[in-house]
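Protein chains in written order, with UniProt numbering: chain A, 1 to 470; chain B, 1 to 470.
Backbone N, C-alpha and C define an ideal beta-carbon position, used for all residues, glycine too.
Notes to accompany the following structure.
Protein chains: 2
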Amino acid sequence: MSPLDLLAEVIGPKNLLRDADDIAPYAMDWRGTWRGQPLAVARPGTTAEVAEVVRRCGAAGLGIVPAGGRTGLCGAAVPAGNGPPSIVLSLERLNRIRQVDARDFSLVAEAGCVVQAVQQAAAEAGRLLPIQWGAQGTAQVGGMLSTNAGGIRTLRWGNARELVLGLEVVLPDGRVLDDLRRVRKDNSGYALRHLFIGAEGTLGVITAAALRLVPPLRRVESAFVAVPGPEAALSLYNRLMESGAELVAFELCARLCLEMAARHGVGLRMPLPLEAPWYVMLEIAAAHPSVPLREMLEEALGAALESGEALDAAIAESEAQRAMIWKIREDYPDCARRDTPAVNTDTAVPVSAVPEFVNTAERALKARWPEGRMAAIGHAGDGNIHLSLHAPEGWPGDRAAWVERAAGMEALVNAIAVSLGGSFSAEHGIGQSKRHAMATHKNPVALELMRGIKGALDPEGRMNPGKVLP
Amino acid sequence: MSPLDLLAEVIGPKNLLRDADDIAPYAMDWRGTWRGQPLAVARPGTTAEVAEVVRRCGAAGLGIVPAGGRTGLCGAAVPAGNGPPSIVLSLERLNRIRQVDARDFSLVAEAGCVVQAVQQAAAEAGRLLPIQWGAQGTAQVGGMLSTNAGGIRTLRWGNARELVLGLEVVLPDGRVLDDLRRVRKDNSGYALRHLFIGAEGTLGVITAAALRLVPPLRRVESAFVAVPGPEAALSLYNRLMESGAELVAFELCARLCLEMAARHGVGLRMPLPLEAPWYVMLEIAAAHPSVPLREMLEEALGAALESGEALDAAIAESEAQRAMIWKIREDYPDCARRDTPAVNTDTAVPVSAVPEFVNTAERALKARWPEGRMAAIGHAGDGNIHLSLHAPEGWPGDRAAWVERAAGMEALVNAIAVSLGGSFSAEHGIGQSKRHAMATHKNPVALELMRGIKGALDPEGRMNPGKVLP
């Protein structure tokens, strides 16, 4: 039998996509930036099937590209264009929530579960899975963990990594690491789960995870605040943190971003007139209903207005107003895509360095691309600002022309972040798109260690070839 | 020059202890359980010196046993009795706090800083390092991270691992991994820091860490609650968690433990008469002063008393009363040591399995050692209960005789924990004492992976030989 027939034997012919039309969606990322040529798409339905597919691919010398909801931004789930013959291994059929234990504040979900479905299952048990980002309605648990997803609530509950109690992983040779234990403390040797989380499928295939849940938020208060600049926003951030209010989101955005949202968004209403240079969207929350959140927020914002940190502020007066603030934030990336072409970055710096980062980058970008328009938006409470350089309005060329004109923008911004003790890859991952940045900016000792680990776990380089490591 | 002279050349003769009397404290753990024979004790003063010592030890074929405050319970910081010729590498002179950044909620501390000094530095900056355990006045940062220390606040802020933003590590070949960045988000390849945290010095020497701080707690309320049993305690735990109160400690202990504390402790006053079979010590906290903590606690305890989950409850009415509750908890281990000899365990199970774990273990221990007395105390909110089997009162033999009589107790308790999806090593680590448990209970695939990683990072097995891996 051919290698593909051997795979079909494991998972059934209808779960091995071989027709070009069926494969096409898996051969390209959703933005159309990355294209590969998988030989087939395997859709196993159980962990045992994943393991057998991985074993047989190994025997046949095929590379394996794990794929989840394929909402990633770095091309990790698409075979590398010049890579070895590979299949895409889609986890979409491993979509069972195996267990929800409310008393234990945990659940066990398979890799192919859509994140929103897991959030829903937690909510039905009176619990909260505290991670939130735009793609959660499509992204899957395996991708969330393989990319160590961030989002707007990282500030309070950490990245996806911090929500994991245990993992089930199919290793590159087909063995299964069954470590789905739901314990909060386990100091028995090396923390293997942390190797697979964020490894983007290059060390194995996450097939299931035990996730930590928290009590639901019974009170939330959101505000939309006009500020004079990033330094004032940082002061406001510190004021709120020091007050002791539980800040669960603190987003900073330049006016340009909100103008794009206002222009291209559907049904978006700005809570304040767009007259200030910068804005903050923030949320404080409490799990206990008797916490006087509104008073906390009014007191902090009152003092911020008095001190000049804030120019104006709108506290959401209803759930609809609150939802609008976060809809603006979530819809922004799509709105920006409908504007002129842009080159994007995903950096993080220490929170205290955010103002210097933004100001330095703004000066450098203006000097080199005076016609460009810098959009800055991000999770300021994590130091994670996404800077983009948009083509001017009325840009006559296409996207490729702007990307060519702005060549070097990403490297410039990355270098500024790294010089401030930051990272060139905060929450989107490396995939294919940032391998060059890994080569340029990553600590060489760290790179050597990573290569050693990759060699120890996947000596033949079968897992997601051409990704992460330069 | 001899290998030791070569080391003295790097750090200065007075920082290389070679006299038997000087070495003696490093040759034995504080409980006197583990003894080794280091050739010398090296006390480098800088990261560069650590690196050079490690390089020269490698060239001379010497093993390296990193040591911090040496408060560990598993013999990790003492050379293995039958191990290769080794030196102890004490980090005690790397004790500078390199940076405190209040705006960033972070600090950078060297490995030899005493944990309490770091807590103090954070407090002086108006911040909290949220980890707390009995040995914090002696334990050092390097040991805290190398053992991934737990303690009574893990419930809210996680283990030591969760507090780390970046690490500086001297690798087994003397290279330095300089990754002290204070970023909250960094998805650029494998999470190397998590390999070194909890590795007990077998993969490298942690020389400094960037740690995450949090806002200080402005309100705390503690209570001492009599409960009918572990099942009721779990219900009380869930009642508090579901109420949304921020639980920062939830300790469960059997009456026997409190009786030992009352008998052997100095200046301990029990908040309630010791008439119930089990007790809970709990604390809720808030960073914001306007959170009505007292009302939250009274409401929850009132309902617990009404439902029968709680038999009696004493809320601390003053800081002195609060301190007393936690002094009882912290002094307990010493009090227990002054009682009859005991064999101890360090297991964790899913929180919801704590009652079944305790009940099953109690039955099994009673059946096999009817004369033994089971002491149970631990971090029930993490599922981490420390069960000990004490010799009967008036035990005529010595410690060794009881250890011999109770042989198999640890294995029995470990097996029960593992059968409930738990861990045989929750927060103390493996060191020398639990290597046999690693061989018996650890997932064999996990063990093979760990050996592969150890081989990739430390192919000659220089780092802390004879520890962690069986």
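What residues of chain B sit near residue i, judged by a beta carbon separation below 9 Å?
{"i": "A191 of chain A", "result": "N148, R161, A191, H194, L195, I197, G198, A199"}
{"i": "G68 of chain A", "result": "Those do not exist, as G68 of chain A stays about 16 Å from chain B at its closest Cβ, beyond 9 Å."}
{"i": "T154 of chain A", "result": "R184, K185"}
{"i": "G126 of chain A", "result": "E242"}
Are there 16 or more other CB atoms within 10 angstroms of the CB of residue i, so buried, or fewer, so exposed?
{"i": "V170 of chain B", "result": "buried"}
{"i": "K442 of chain A", "result": "buried"}
{"i": "N82 of chain B", "result": "exposed"}
{"i": "P370 of chain A", "result": "exposed"}
{"i": "A276 of chain B", "result": "buried"}
{"i": "R269 of chain B", "result": "exposed"}
{"i": "R31 of chain B", "result": "exposed"}
{"i": "K14 of chain B", "result": "exposed"}
{"i": "K366 of chain B", "result": "exposed"}
{"i": "V266 of chain A", "result": "exposed"}
{"i": "M374 of chain A", "result": "buried"}
{"i": "A426 of chain B", "result": "buried"}
{"i": "S2 of chain B", "result": "exposed"}
{"i": "A323 of chain B", "result": "exposed"}
{"i": "D382 of chain A", "result": "buried"}
{"i": "residue 497 of chain B", "result": "Here chain B covers residues 1 to 470 and nothing more, so residue 497 of chain B does not appear."}
{"i": "P444 of chain B", "result": "exposed"}
{"i": "A401 of chain B", "result": "exposed"}
{"i": "S307 of chain A", "result": "exposed"}
{"i": "A20 of chain A", "result": "exposed"}
Check whether the Cβ atoms of residue i and residue j sit closer than 8 Å, and answer yes or no.
{"i": "G372 of chain A", "j": "P392 of chain A", "result": "yes"}
{"i": "G75 of chain B", "j": "Q140 of chain B", "result": "no"}
{"i": "R219 of chain A", "j": "P289 of chain A", "result": "yes"}
{"i": "L240 of chain A", "j": "A285 of chain A", "result": "no"}
{"i": "H194 of chain A", "j": "H194 of chain B", "result": "yes"}
{"i": "L145 of chain A", "j": "A122 of chain A", "result": "no"}
{"i": "H264 of chain A", "j": "R338 of chain A", "result": "yes"}
{"i": "T207 of chain A", "j": "E356 of chain A", "result": "no"}
{"i": "H390 of chain B", "j": "A342 of chain B", "result": "yes"}
{"i": "E200 of chain A", "j": "A249 of chain A", "result": "no"}
Can you pull the chain A neighbours of residue i, defined as C-beta to C-beta under 8 Å?
{"i": "F105 of chain B", "result": "M241, V351"}
{"i": "E427 of chain B", "result": "K185, N187"}
{"i": "I430 of chain B", "result": "N187, S188, G189"}
{"i": "L234 of chain B", "result": "R103"}
Cβ closer than 7 Å: which chain A residues qualify as neighbours of residue i?
{"i": "P215 of chain B", "result": "M241, E242, G244"}
{"i": "A286 of chain B", "result": "G244"}
{"i": "S290 of chain B", "result": "P292, E295, M296"}
{"i": "D382 of chain B", "result": "R184, K185"}
I want to verify the contact list: residues of chain A whose CB lies under 9 Å from the CB of residue i, in sequence order.
{"i": "S423 of chain B", "result": "R181, V183, K185, D186, N187, S188"}
{"i": "M438 of chain B", "result": "S188, G189"}
Give me the DSSP bridge partner(s) of residue i.
{"i": "L128 of chain B", "result": "B:V214"}
{"i": "I284 of chain A", "result": "A:E221, A:L247"}
{"i": "V227 of chain B", "result": "B:W278"}
{"i": "I197 of chain A", "result": "The partner list for I197 of chain A (beta bridge, DSSP) is empty, contrary to what the question assumes."}
{"i": "M463 of chain A", "result": "A:I64"}
{"i": "N344 of chain B", "result": "B:S388"}
{"i": "V88 of chain A", "result": "A:V41, A:V65"}
{"i": "V314 of chain A", "result": "It should be pointed out that residue 314 of chain A corresponds to Ala in this sequence rather than to Val. Answer is A:F224, bridged to A314 of chain A."}
{"i": "M28 of chain B", "result": "B:R35"}
{"i": "I416 of chain A", "result": "Answer by DSSP bridge pairing: none, since I416 of chain A is not bridged."}
Listing by chain order, which chain B residues have their CB less than 7 Å from the CB of residue i?
{"i": "N238 of chain A", "result": "R103"}
{"i": "V468 of chain A", "result": "G189"}
So if I threshold CB-CB distances at 8 Å, which residues from the stretch 243 to 277 of chain A count as touching chain B? S243, G244, A245, E246
For the stretch 170 to 182 of chain B, list every residue whose C-beta sits within 9 Å of some C-beta in chain A, in sequence order. L171, R175, V176, L177, D178, D179, L180, R181, R182
Using a Cβ-Cβ cutoff of 7 Å, what residues of the stretch 384 to 416 of chain B are near chain A? List them in chain order. N384
When you check each C-beta in the stretch 441 to 461 of chain B against every C-beta of chain A, which residues fall closer than 7 Å? Near chain A, meaning a CB-to-CB distance below 7 Å, the residues of the stretch 441 to 461 of chain B are K442, N443, V445, A446, L449, M450, G452, I453, G455, A456, L457.
Going along the stretch 71 to 93 of chain A in order, which residues come within less than 7 Å of chain B, judged by CB to CB distance? none
Taking any Cβ of chain A, which residues in the stretch 202 to 231 of chain B have a Cβ under 7 Å from it, in chain order? P215, R218
Anything in the stretch 336 to 350 of chain B with a Cβ closer than 8 Å to a Cβ of chain A? List those residues in chain order, please. A348, V349, P350
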